[in-house]
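Residue 201 in full-length UniProt numbering is what sits at position 201 of the sequence shown, and the numbering runs on without skipping anything.
The beta carbon of each residue, even a glycine, is placed where N, CA and C say it ideally should be.
Everything numeric in this text was worked out from a predicted model, so none of it was measured.
To keep things clear, I will list the structure first and then write my remarks on it.
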Amino acid sequence: MVKAIQVGLGAWGFSWSQDVIPKVPGIEMVGYVDANPAATERVQTELKVDPKLCFQSLAEAGKAVEADLVIATLRTEAHYPVVKEALQLGFNVIVEKPFASTMAQAKELVDLAEAQSRVLMVSQNYRFQPAPIAVAEFMAARKFGPINQVSVDFRRHAPTQGYRYWDMPDPLLADMSIHHFDLMRMVLNVDPVRVACRTWNPEGSPFAHHPTGAALIEFDSGIVVSYRASWVSTGSYTPWAGEWTIDCSEGEIWWTSRDHFMGKQKPDVVELRPMDGKAEKVKLAPIEFADRLGTLATIAKVVETGSLPPRFSSGKDNLLSLALVQATIASANRQGEWVDIAEVIK
Ligand SMILES: NC(=O)c1ccc[n+]([C@@H]2O[C@H](COP(=O)([O-])OP(=O)(O)OC[C@H]3O[C@@H](n4cnc5c(N)ncnc54)[C@H](O)[C@@H]3O)[C@@H](O)[C@H]2O)c1
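This is the structure in structure tokens:
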């Protein structure tokens, strides 16, 4: 059993405690931490957690219990100090996306994990779905030959979907697009080279910062992705992973994933259409632990066995996904000027 302490029991953190952690075998919870006593009271009353396992800080929990793993499910600003403390205390760590607020913080945490010989994983849960896994395999096998171009569209209407973070800086690029950027790297198995991005805040939007944007993203091997995304779209919504078209020299792969909306879930979809042929739906293999269950089951196994699975989203791997966020933000701040990934990752 991997003994774990969860830190951060807010809105999303509580759903980890309630809906994710109990469904992953091999995890024994030895601590629940939140600076806000109302949050620890909630896990006690609603989830019947023993008050002896509840703490107001990680330092307190670290003194009272023995653990192998910290599950960091705090707001982004708190990731850096808490993950740093967890690694210094000798714990392995899984942290919610986005990894950290700045590249410097993320790099420091990666170096610290290495120095401490601990595993640091970013919970990029969108990787653990049937469609991106299947499409990554089609791309690796060059199903339809070389890529001509890739386009990704994301549309949601936050004002009617229980959204809460109206004042968050970069609500699109930092908080949402990180999933899409990370999937681009995973599915296409390429590294980003440079980006050009514009963002804006449409008239009447309740967001303080820009919820809408468009970007061109150039990867090594010359692949260019065009990306359009909006939190305030009144068009037909896309599943959370967006709608993807991968146009190759011999045909097209269309896919989408995480069609979760208002409590309903629809299956992932992948369609293959050879040039001039008919689109055919791919029968997708179910996966045992999907989404956040997948990230947690993976780190539990890595901590137990010490061996890393393919497409493991380590802190180190995640630096390039975070670099895409930082580069698109920098480009948007310069009215769409091209920004090299090397500039933000140096
Ligand atoms: N992967 C996804 O699909 C997805 C979806 C939603 C949210 N998230 C991520 O989940 C994370 C948490 O979001 P949330 O909505 O639960 O945030 P929240 O603000 O509701 O909760 C954060 C909690 O952390 C506690 N906290 C802050 N600093 C602390 C510290 N130093 N020690 C102990 N407790 C501390 C706060 O008291 C609060 O209860 C964010 O990083 C967000 O981006 C991911």
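Sheet register partners of residue i (DSSP bridge)
{"i": "His260", "result": "Gln265"}
{"i": "Val224", "result": "Glu218"}
{"i": "residue 347", "result": "No answer is possible for residue 347: the residues shown for the chain start at 1 and end at 346."}
{"i": "Val93", "result": "Val70, Leu120"}
{"i": "Ala196", "result": "Leu216"}
{"i": "Tyr32", "result": "Gln6, Cys54"}
{"i": "Ala229", "result": "Phe154, Gly213"}
{"i": "Pro274", "result": "Gly251"}
{"i": "Glu280", "result": "Leu272"}
{"i": "Ile27", "result": "Val2"}
Below-8 Å beta-carbon distance, residue i vs any chain D residue
{"i": "His209", "result": "Absence of chain D from the displayed structure is noted, only one protein chain being present."}
CA-to-CA distance, residue j to residue i, given in whole angstroms
{"i": "residue 351", "j": "Gln335", "result": "The structure shown does not extend to residue 351, since the chain spans only 1 to 346, so no value can be given for it."}
{"i": "Phe207", "j": "Ala241", "result": "21 Å"}
{"i": "Glu41", "j": "Asp170", "result": "32 Å"}
{"i": "Ala290", "j": "Glu243", "result": "19 Å"}
{"i": "Ser314", "j": "Lys301", "result": "14 Å"}
{"i": "Pro146", "j": "Val30", "result": "49 Å"}
{"i": "Ser257", "j": "Glu271", "result": "12 Å"}
{"i": "Arg155", "j": "Arg194", "result": "24 Å"}
{"i": "Met168", "j": "Ile246", "result": "32 Å"}
{"i": "Val65", "j": "Pro37", "result": "19 Å"}
{"i": "Val43", "j": "Ser123", "result": "22 Å"}
{"i": "Ala4", "j": "Thr45", "result": "20 Å"}
{"i": "Leu112", "j": "Val83", "result": "10 Å"}
{"i": "Glu137", "j": "His79", "result": "32 Å"}
{"i": "Ala174", "j": "Ile341", "result": "16 Å"}
{"i": "Val325", "j": "Glu77", "result": "15 Å"}
{"i": "Tyr32", "j": "Val303", "result": "19 Å"}
{"i": "His210", "j": "Asp191", "result": "26 Å"}
{"i": "Leu322", "j": "Ile329", "result": "11 Å"}
{"i": "Gly213", "j": "Asn333", "result": "12 Å"}
{"i": "Val343", "j": "Phe55", "result": "Per the sequence presented here, residue 343 reads as Glu, with Val not at that position. Their Cα atoms are separated by approximately 41 Å."}
{"i": "Glu337", "j": "Ser236", "result": "30 Å"}
{"i": "Ile217", "j": "Phe144", "result": "21 Å"}
{"i": "Leu53", "j": "Ile94", "result": "19 Å"}
{"i": "Ala59", "j": "Ala67", "result": "12 Å"}
Burial state of residue i (16 or more Cβ within 10 Å)
{"i": "Thr238", "result": "buried"}
{"i": "Phe261", "result": "exposed"}
{"i": "Gly309", "result": "According to the sequence as given, residue 309 is Pro; it is not Gly. Label assigned to Pro309: exposed."}
{"i": "Met275", "result": "exposed"}
{"i": "Trp231", "result": "buried"}
{"i": "Gly13", "result": "buried"}
{"i": "Gly222", "result": "exposed"}
{"i": "Ala229", "result": "buried"}
{"i": "Met186", "result": "buried"}
{"i": "Pro81", "result": "exposed"}
{"i": "Pro202", "result": "exposed"}
{"i": "Arg142", "result": "exposed"}
{"i": "Met1", "result": "exposed"}
{"i": "Gly204", "result": "exposed"}
{"i": "Asp50", "result": "exposed"}
{"i": "Thr305", "result": "exposed"}
{"i": "Ser331", "result": "buried"}
{"i": "Ser17", "result": "buried"}
{"i": "Asp220", "result": "exposed"}
{"i": "Asp19", "result": "exposed"}
{"i": "Ala39", "result": "buried"}
{"i": "Ala196", "result": "buried"}
{"i": "Ser307", "result": "exposed"}
{"i": "Ala104", "result": "exposed"}
{"i": "Ala140", "result": "exposed"}
Taking one C-beta from the segment 178-197 and one from the segment 123-131 each time, how about it: are there three or more such pairs within less than 8 Å?
-> yes
Report yes or no: do the segment 97-107 and the segment 253-266 share at least 3 C-beta pairs separated by less than 8 Å?
no
inquiry  = Does the segment 140-159 come into contact with the segment 316-327, if we say contact requires no fewer than three beta-carbon pairs (one atom in each stretch) closer than 8 Å?
reply    = no
- Query: Hey, is the segment 111-118 in contact with the segment 83-95, meaning 3+ C-beta pairs nearer than 8 Å?
  - Reply: In this structure the segment 111-118 lies against the segment 83-95, because at least three pairs of beta carbons, one per stretch, are closer than 8 Å.
*the segment 277-289 contacting the segment 131-144, beta-carbon criterion three pairs below 8 Å*: yes
Counting Cβ pairs closer than 8 Å, one from the segment 270-279 and one from the segment 249-256, do we hit at least three?
yes
Review point. With a cut-off of 8 Å, do at least 3 Cβ pairs link the segment 286-305 to the segment 18-29?
Key: yes
Flag this pair as touching only if the segment 158-172 and the segment 102-116 have three or more C-beta atom pairs under 8 Å; answer yes or no. no
Taking three-plus beta-carbon pairs below 8 Å as touching, is the segment 5-12 in contact with the segment 71-86? yes
Which runs of the alpha helix (DSSP H), 4 residues or longer, sit entirely within the segment 289-341?
291-305, 315-333
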